[in-house]
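In the numbering used here, the protein residues as written are 17 to 260. Structure record follows, encoded as structure tokens.
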Ligand SMILES: Nc1ncnc2c1ncn2[C@@H]1O[C@H](COP(=O)(O)OP(=O)(O)OP(=O)(O)O)[C@@H](O)[C@H]1O
Ligand SMILES: [Mg+2]
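Structure below.
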């Protein structure tokens with residue numbers, strides 16, 4: 017469904033991605049984990065068309081998308097929930113959600129989809145008219161995912177959904193992700209830790225310093241213990257030291 021080959025991305029003289037190849041197949045949940053500064057967000061931004069690659073190719077559903085405008089990539093069904101959520105604090109929950117539908121013209125279906133996301137995230141129905149800045153971090157994360165769902169993704173990429181959230185709230189977010197996947201949505205999830213990987217991943221890539229250093233499939237993953245040891249064995253320091 018998504019195929020990235022030999023991708024390189026730089027910010028001026030800083031090389032952030034040094035030749036990455038990965039793939040996501042239809043209906044998979046693929047995790048990409050790695051410590052601070054590994055290049056995870058840069059990779060998602062580049063796939064989304066927000067950053068230009070220096071070399072390599074990106075194909076989505078067999079179409080070359082690298083170099084296309086972000087709106088076009090989004091219209092194809094490849095949608096990003098960005099790092100830091102990018103909620104508009106001065107707007108209401110309702111208004112933030114309506115921003116997810118600006119590229120659509122199927123009014124009737126939008127109403128039905130809106131009802132569905134409010135059922136998936138009941139707290140957003142309760143806070144529907146509230147100003148988004150007053151939402152908790154967990155509520156804002158749910159709002160960011162809900163807004164992305166309204167863009168009708170076939171593949172949703174989520175940049176660190178558990179960042180700064182309490183374990184119970186992370187459970188809620190992951191419950192929603194599991195339900196979305198069960199309904200047929202393909203997911204590419206970025207995290208800094210391996211905590212949520214074992215029970216949901218079809219495949220996991222570990223990224224460090226602009227490169228993929230480990231690739232495990234569901235079969236090789238087991239209960240995730242070996243992965244956690246491999247990851248925290250030498251990269252753990254950086255991950256643990258991160259202050260949210
Ligand atoms: N806009 C930018 N300009 C210059 N350098 C950047 C920019 N954004 C990121 N970088 C650099 O690119 C590298 C990769 O950053 P990136 O944000 O992709 O990492 P990350 O894996 O998402 O990290 P984190 O877990 O902290 O979010 C880092 O060295 C970072 O300093
Ligand atoms: Mg990042």
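Each residue gets a CB set at the ideal place from its N, CA and C atoms; glycine is no exception. Everything numeric in this text was worked out from a predicted model, so none of it was measured.
Go to residue 150, then tell me how far its beta strand (DSSP E) extends in each direction, as first and last residue. Indexing the chain shown from 1 puts residue 150 at position 134. Neither: residue 150 is in no beta strand (DSSP E) and is coded neither H nor E.
Hey, is residue 65's beta-carbon within less than 7 Å of any beta-carbon in chain D? Among the protein chains of the structure shown there is no chain D, as only one such chain exists.
Does residue 201 come out as helix, strand or coil in the three-state DSSP assignment? One-based indexing of the chain shown puts residue 201 at position 185. Residue state, collapsed to three classes: coil.
Per DSSP, residue 47 forms a beta bridge with which residues? Counting from one through the chain shown, the residue named residue 47 turns up at place 31. Per DSSP, 205, 220.
Contact set for residue 105: own chain, Cβ-Cβ below 8 Å, skip 5 residues either direction: Looking up residue 105 in the chain shown gives position 89. So the list reads 147, 148, 149, once near-sequence residues are dropped.
For residue 129, count neighbouring Cβ atoms within 10 angstroms of its own Cβ and tell me buried if that reaches 16, exposed if not. Within the chain shown, the letter at position 113 stands for residue 129. The residue in question, residue 129, is buried, as its Cβ has 16 or more Cβ neighbours within 10 Å.
Contact set for residue 167: own chain, Cβ-Cβ below 7 Å, skip 5 residues either direction: Counting from one through the chain shown, the residue named residue 167 turns up at place 151. Taken in chain order, the residues that qualify are 90, 95, 116, 119.
With a threshold of 6 Å (Cβ to nearest heavy atom), would residue 27 be considered close to ligand 1? Position 11 of the chain shown holds residue 27. Remark: the C-beta of residue 27 is in contact range of ligand 1, defined as less than 6 Å to any heavy atom.
Whose CA, out of 244, 235, 226, lies closest to the CA of residue 26? Position 10 of the chain shown, counted from the start, is the residue given in the question as residue 26. Cα-wise, what sits closest to residue 26 is 226.
Reference residue 230, options 127, 236, 221, 237, closest by Cα: Here residue 230 refers to the residue found at position 214 when the chain shown is read from its first residue. The candidate whose alpha carbon is nearest that of residue 230 is 221.
Would you call the CB atoms of residue 69 and residue 62 closer than 7 Å? Taking the chain shown and counting its residues from 1, the one referred to as residue 69 is at position 53. Taking the chain shown and counting its residues from 1, the one referred to as residue 62 is at position 46. In contact: residue 69 and residue 62 (Cβ atoms closer than 7 Å).
Could you tell me the boundaries of the beta strand (DSSP E) in which residue 73 lies? On the chain shown, position 57 is the one that residue 73 refers to. 71-76 is the span of the beta strand (DSSP E), which, as asked, contains residue 73.
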